[in-house]
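K.L.:
Residue numbers (the UniProt record's numbering): 1 to 254. For glycine and all other residues, C-beta sits at the position ideal for the given N, C-alpha and C. Attaching a single structure in structure tokens format; questions to follow.
Right, here's the structure in full:
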């Protein structure tokens with residue numbers, strides 16, 4: 001199953017300084033909410049995880065990606081786990097490390113990435129901002145203090161999760177899901193996603209589809225990342241195709 005490509009759509013990408021500003025702001029928000037009494041709070045959409053786990057995971061990602069930028073090769077996340085009194089300072093220190101590595105490099109400069117078509121520093125500007133936004137929402141969910149992802153970052157995040165994570169050939173095709181084409185729409189943009197046993201294809205722009213999912217940029221992004229329930233979006237058309245996208249997203253983002 002294929003989706004014919006539409007004319008090139010305007011890029012969703014943000015300016016490098018905007019990515020860094022949002023990265024800093026979302027990380028600071030997560031850190032501010034992680035007061036000692038909240039560290040053990042369960043994270044609603046990450047079964048078995050606490051606020052502490054979210055900060056430690058995200059901090060490890062920061063340190064790993066800082067090492068990638070320094071060395072040019074993946075090193076694997078460090079296994080250090082700070083004590084309770086050290087979690088937030090350690091997390092903010094890890095943030096400073098990856099921001100420092102990004103700031104001193106041209107986004108167009110070459111860098112290893114897990115997406116072969118984009119081996120640049122700019123890949124990591126985007127990825128670190130998107131990673132942080134989703135995990136900031138995880139922390140907020142644990143303390144019932146939800147705020148939306150910035151609209152421009154959310155639209156870009158929808159593009160990233162569909163055109164990087166979902167189409168990644170390393171994502172195994174879920175068994176028993178209904179094939180079809182689903183249009184994903186937000187903020188005047190459309191992505192058509194073709195799902196079948198052979199994998200996933202994504203094309204920008206309008207066209208025929210079996211189902212449609214529409215939502216506010218932040219809510220749609222979080223639905224795709226399985227941080228929101230069905231009430232977060234408006235779905236129409238073949239319910240099985242909508243369910244198939246939801247299942248595929250679970251495989252792509254786990």
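Can you give me the Cβ contacts of residue 214 inside the same chain, cut-off strictly under 6 Å, excluding the 5 residues immediately before and after it?
P.N.:
Result list for residue 214: 185, 234, in chain order.
K.L.:
Return the bridge partner residues of residue 214 from the DSSP annotation.
P.N.:
BP columns for residue 214 point to 185, 234.
K.L.:
With distances taken Cα to Cα, identify the nearest neighbour of residue 129 among 149, 91, 141, 142.
P.N.:
Of the candidates 149, 91, 141, 142, the one whose C-alpha sits nearest the C-alpha of residue 129 is 149.
K.L.:
Determine whether the beta carbon atoms of residue 97 and residue 111 lie at a separation below 8 Å.
P.N.:
The answer is no: Cβ separation not under 8 Å.
K.L.:
Assign residue 277 to one of two classes, buried (16 or more other C-beta atoms within 10 Å of its C-beta) or exposed (fewer than that).
P.N.:
Within the shown structure, residues of the chain are numbered from 1 to 254, placing residue 277 beyond reach of any answer.
K.L.:
From this set, 188, 254, 80, which residue's C-alpha is nearest residue 62's C-alpha?
P.N.:
Closest by alpha carbon: 80.
K.L.:
Leaving out five residues on either side along the sequence, give the residues of the same chain with a beta carbon under 6 Å from the beta carbon of residue 25.
P.N.:
Hits under 6 Å: none found.
K.L.:
Classify residue 140: buried if its beta carbon has 16 or more other beta carbons within 10 angstroms, exposed otherwise.
P.N.:
When all chains shown are included, residue 140 counts as buried.
K.L.:
Do residue 175 and the ligand SAH come close, with the Cβ less than 7 Å from some heavy atom?
P.N.:
The ligand content of the structure shown is nil, which means the ligand SAH is not present either.
K.L.:
So, with DSSP's three-state summary, where would you put residue 147?
P.N.:
Note: residue 147 maps to coil in three-state DSSP.
K.L.:
Report the start-end ranges of each beta strand (DSSP E) in the stretch 42 to 110 that is 3 residues or longer and not cut off at the edges.
P.N.:
Runs of the beta strand (DSSP E) inside the stretch 42 to 110: none found.
K.L.:
Which residues does DSSP list as the beta-bridge partners of residue 204?
P.N.:
For residue 204, which the question treats as bridged, DSSP gives the partners 191.
K.L.:
Checking 8 Å against the spacing of the C-beta atoms, do residue 22 and residue 153 come in under that value?
P.N.:
The answer is yes: Cβ separation under 8 Å.
K.L.:
Go to residue 240, then tell me how far its alpha helix (DSSP H) extends in each direction, as first and last residue.
P.N.:
239 to 253 is the span of the alpha helix (DSSP H), which, as asked, contains residue 240.
K.L.:
Let me know the secondary structure DSSP gives residue 157 once reduced to three states.
P.N.:
Three-state DSSP puts residue 157 in a helix.
K.L.:
Let me know if residue 176 comes out buried or exposed under the rule of 16 or more other beta-carbons within 10 Å of its beta-carbon.
P.N.:
Under this definition residue 176 is an exposed residue.
K.L.:
Reducing DSSP to helix, strand and coil, say where residue 196 ends up.
P.N.:
Looking at residue 196 - three-state DSSP - the assignment turns out to be strand.
K.L.:
Between the Cα of residue 182 and those of 173, 227, 192, spot the shortest distance and give me the residue it belongs to.
P.N.:
Among 173, 227, 192, the Cα nearest to that of residue 182 belongs to 192.
K.L.:
Over what stretch of residues does the alpha helix (DSSP H) that includes residue 33 continue unbroken?
P.N.:
That run of the alpha helix (DSSP H) goes 16 to 33.
K.L.:
With a threshold of 7 Å on Cβ separation, who are the neighbours of residue 145 within its own chain once the five nearest residues in sequence on each side are excluded?
P.N.:
Result list for residue 145: 33, in chain order.
K.L.:
With H, G and I counted as helix, E and B as strand and the rest as coil, what does DSSP make of residue 141?
P.N.:
Three-state result, residue 141: helix.
K.L.:
For the stretch 162 to 177 against the stretch 76 to 93, do three or more pairs of beta-carbon atoms, one drawn from each stretch, fall closer than 8 Å, so that the two count as touching?
P.N.:
No: the two stretches stay apart, fewer than three of their Cβ pairs being nearer than 8 Å.
K.L.:
According to DSSP, which residues form a beta bridge with residue 180?
P.N.:
Bridge partners of residue 180: 195.
K.L.:
According to DSSP, simplified to helix, strand and coil, what is residue 132?
P.N.:
In this structure, residue 132 counts as helix in the three-state DSSP scheme.
K.L.:
Comparing C-alpha positions only, which one of 164, 27, 220, 209 sits nearest to residue 117?
P.N.:
Of the listed residues, the one whose Cα sits closest to residue 117 is 164.
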